[in-house]
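To start, the structure itself, in structure tokens.
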Amino acid sequence: MGGKAMINTKKITIKNLNVFAGKTQILKDINIEIPENKITVIMGPSGCGKTTLLKCMNRLTDLYPELKVTGDIRINGNNILKAGEDIYELRQNMGLLSQRPYPLPMNIYNNVAYALKLRGIRKKREIQKMVVHYLQQATLWDEVKHRLREPASRLSIGQQQRLCLARGLAVDPGIILADEPTSALDPISSQYIEQKFVELKNDYTIVLVTHILRQAKRIADYVVFIYLGEVIEQGTVQEVFENPKMEKTKQYLSGTFN
90 MGGKAMINTK KITIKNLNVF AGKTQILKDI NIEIPENKIT VIMGPSGCGK TTLLKCMNRL
150 TDLYPELKVT GDIRINGNNI LKAGEDIYEL RQNMGLLSQR PYPLPMNIYN NVAYALKLRG
210 IRKKREIQKM VVHYLQQATL WDEVKHRLRE PASRLSIGQQ QRLCLARGLA VDPGIILADE
270 PTSALDPISS QYIEQKFVEL KNDYTIVLVT HILRQAKRIA DYVVFIYLGE VIEQGTVQEV
330 FENPKMEKTK QYLSGTFN
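Take any residue in the sequence shown, note its place counting from 1, add 89, and you have its number in the numbering used here.
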């Protein structure tokens, strides 16, 4: 396993990133260095720009013509925001887990096999072996091994999210972007996803958006706190949660934020 050559360090450096929607500025001069093979949590109240920041990392902002993005996002020293960048390759190198799971309208097996075929894998036996591998990686194999030909839509929401994780891993990314991936899930399914992220960081760089402070504290290695489009504070989970420097961070963590 491992990412493509483009992502072989899996470190993301964001410099002077600004995002505008017309005259409204959504992100303001963002500067972050996201460490490789760690879980970086981006936290902050609703509407502060967390999801927009995530979308910048795999150029999903391109789908919104009203957005203007300036600055640098560098992976391996390569600015992915520059014109002419291979967007398909970029997105393949960054697995995305959304707030709600979106399994493909096909059976469980083919949801993962489809991702493998995107990588150019064609041998049936190899595909079968790898489908099992990625379903095991997503802690789903034991629950679905006798149901592989059933529509993915019959799975519970928590199982669908893990299937989407398996499909995302199957394209062989170096980086996993997760946008509040447990917010629609029950506590047990949430725990599965959290535990899996902690295991996966040995092989992947994980960037997780959440508004759940307990979750951030449980699984983060590095924390970025955003408020009204600005980075207020960033550091290790111990630095930000146990010894925050900024008053806004202290208020947010104590629940007295307004």
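Virtual Cβ for every residue (Gly too), placed ideally from N, Cα, C.
Rounded to whole angstroms, the separation of the alpha carbons of Y223 and M132 is 29 Å.
Scanning R163, E336, N182, A267 for the CA closest to the CA of A305 turns up A267. Listed as beta-bridge partners of A110 by DSSP are T113, L156. Annotation: G257 is outside any beta strand (DSSP E); the continuous alpha helix (DSSP H) that includes it extends over 246 to 259.
Annotation: the continuous alpha helix (DSSP H) that includes A305 extends over 302 to 308. Less than 8 Å separates the beta-carbon of K99 from that of E125. Beta-bridge pairing by DSSP links G324 to V312. Between G160 and N107 the beta-carbon gap is near 6 Å, inside 8 Å, which marks them as a contact. Segment contact: the region 314 to 329 against the region 130 to 146, three or more CB-CB distances shorter than 8 Å; contact assigned. The C-alpha of Y177 is placed about 28 Å away from the C-alpha of Y311.
Counting only the Cα atoms, F109 lies some 8 Å from E155. A273 is positioned such that its CB atom lies no closer than 8 Å to that of V201. Secondary structure note for M132: its beta strand (DSSP E) is the uninterrupted segment 128 to 132.
When DSSP assignments are scanned along the region 210 to 242, the uninterrupted stretches of alpha helix (DSSP H) that are 4 or more residues long and fall wholly within it turn out to be 213 to 226, 230 to 233. In the structure shown, the three-state DSSP call for I169 is coil.
Across the set K339, P194, L289, T271, the C-alpha of T271 shows the shortest separation from the C-alpha of I246.
Secondary structure at N199: helix, using DSSP grouped into helix, strand and coil.
Residues of the same chain with a CB within less than 7 Å of the CB of K117, apart from the 5 flanking positions on each side, are N107, G318, E319 in chain order. A241 is positioned such that its CB atom lies closer than 8 Å to that of L193. For C145, the CB contacts under 7 Å within the same chain, skipping 5 residues up- and downstream, are L106, V108, V158, I162 in chain order. By the C-beta density criterion, L185 is buried, having at least 16 other C-beta atoms within 10 angstroms. Contact between C253 and P333 does not hold, since the beta-carbon distance rounds to 34 Å and is not under 8 Å. At a Cβ-Cβ threshold of 8 Å, T299 and E322 do not count as neighbours. The three-state reading of DSSP puts A204 in helix, counting H, G and I together.
Straight-line measurement puts the Cα of N168 at about 39 Å from the Cα of T345.
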